[in-house]
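Numbering (my numbering), first residue to last: 9 to 200. Working notes for the structure below.
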């Protein structure tokens, strides 16, 4: 299966989930993530703000802020095709739509890539080896491919986004684990 076909198949699976199923799955994902030792121990986390067809990450962001973690959210630079980690302190006033319509931090305070302990990675799909199928922009692959990047990489999504095999290329960066409503998948080929 090619990447475009895989993205389409996953989108169809997600669309079959009712709003109630998505809400319940997102709550299960939040609980599984909160129980992860790697997340509990992390002091500086890079989390993403979900969009409509993704598991809801706002409760995860709230939990991390309430726990006193330094919480960063990606801010993209479309011209350079890069992203960096910008600190947020408040979900109500710290975010505004970015170039792709995804909420981004408005502050200037950043967290250097080498200081991030844990990163929550979005994707269209994942497999048990940690391979991920993004949306095609390559922002996360470039960010986590930085030679100074050492954080735990955790994918998050609905169980419907898990595939037997994700088509991937040499530049695609795997995750160490994937959290779905069904639990935590520790990935075999991605080494911590």
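Cβ atoms here follow ideal geometry from the backbone N, Cα and C, with glycine treated the same way.
Is it true that the CB of residue j sits closer than 8 Å to the CB of residue i?
{"i": "residue 140", "j": "residue 180", "result": "yes"}
{"i": "residue 54", "j": "residue 75", "result": "no"}
{"i": "residue 156", "j": "residue 121", "result": "yes"}
{"i": "residue 210", "j": "residue 114", "result": "Only positions 9 to 200 of the chain appear in the structure, and residue 210 is not among them; the question remains open."}
{"i": "residue 124", "j": "residue 72", "result": "no"}
{"i": "residue 65", "j": "residue 128", "result": "yes"}
{"i": "residue 51", "j": "residue 78", "result": "yes"}
{"i": "residue 40", "j": "residue 191", "result": "yes"}
{"i": "residue 59", "j": "residue 110", "result": "yes"}
Taking the alpha carbon of residue i as the reference point, which residue from the options has its own alpha carbon closest?
{"i": "residue 186", "options": "38, 163 and 129", "result": "163"}
{"i": "residue 108", "options": "46, 23 and 89", "result": "89"}
{"i": "residue 116", "options": "173, 94, 101 and 126", "result": "94"}
{"i": "residue 101", "options": "13, 112 and 147", "result": "112"}
{"i": "residue 38", "options": "152, 63 and 127", "result": "63"}
{"i": "residue 42", "options": "11, 168 and 68", "result": "68"}
{"i": "residue 183", "options": "35, 174 and 144", "result": "174"}
{"i": "residue 36", "options": "196, 188 and 44", "result": "188"}
{"i": "residue 30", "options": "105, 167 and 195", "result": "167"}
{"i": "residue 105", "options": "84, 45, 161 and 192", "result": "84"}
{"i": "residue 13", "options": "91, 144, 191 and 151", "result": "144"}
{"i": "residue 57", "options": "44, 45, 82 and 33", "result": "82"}
{"i": "residue 172", "options": "27, 195, 110 and 23", "result": "195"}
With DSSP run on the structure shown, which of helix, strand or coil describes residue i?
{"i": "residue 134", "result": "strand"}
{"i": "residue 200", "result": "Because residue 200 carries a pLDDT of 49, less than 50, the predicted location of this residue cannot be relied on, and the following value inherits that uncertainty. Looking at residue 200 - three-state DSSP - the assignment turns out to be coil, as it is neither helix nor strand."}
{"i": "residue 20", "result": "helix"}
{"i": "residue 141", "result": "strand"}
{"i": "residue 164", "result": "strand"}
{"i": "residue 92", "result": "strand"}
{"i": "residue 181", "result": "coil"}
{"i": "residue 194", "result": "strand"}
{"i": "residue 119", "result": "coil"}
Residue i bridges to which residues according to DSSP?
{"i": "residue 54", "result": "80 and 127"}
{"i": "residue 112", "result": "104"}
{"i": "residue 146", "result": "In DSSP, residue 146 forms no bridge with anything."}
{"i": "residue 188", "result": "191"}
Exercise. Three or more C-beta pairs closer than 8 Å, one from the region 15-24 and one from the region 120-139: is that the case here?
Worked result: yes
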